[in-house]
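Numbering (the UniProt record's numbering), first residue to last: 1 to 111. A virtual CB, placed ideally from N, CA and C, is assigned to each residue, including glycine. Presented below is the structure to which this report refers.
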């Protein structure tokens, strides 16, 4: 039995209050992955908040862009229920792993 350690490369994107266009979604993914450097992230963490809102077209463009860039897993942190449902449906169609997490803001500030 071999001992293999699988490490994930993670990129974090902070969702703006309003993500309305497909171009803004693509730019968000491109800028986030570019900041990750030479490593190719396989996980994209989307940090939202109670004011985060995105159109279904923008969410679709975001997920498609992430998938095309090699992302296989999307984690949504502190997103609204509406955005969670939209992300869940679109990531399911795009065959990306998806999970939602709720993290207290003070815990994020300590990290």
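- In the assembly as shown, residue 97 is an exposed residue. Its beta-carbon has fewer than 16 other beta-carbons within 10 Å.
- Taking a C-beta distance under 8 Å as the contact criterion, residue 41 and residue 10 qualify as a contact pair.
- The alpha-carbon of residue 73 is positioned some 20 Å away from that of residue 19.
- When secondary structure is reduced to three states using DSSP, residue 35 falls in the helix class.
- Here the alpha carbon of residue 58 sits roughly 10 Å from the alpha carbon of residue 65.
- Boundaries of the alpha helix (DSSP H) harbouring residue 85: 81–94, taken from the DSSP string.
- Spatial neighbours of residue 13 in its own chain (CB-CB distance under 6 Å, excluding positions within 5 residues in sequence) are listed in chain order as 28, 32 and 46.
- A distance below 8 Å separates the beta carbons of residue 101 and residue 75.
- For residue 20, no beta strand (DSSP E) segment is defined, and its DSSP state is neither H nor E.
- Taking 8 Å as the cut-off, the beta carbon of residue 104 is found no closer than this to the beta carbon of residue 80.
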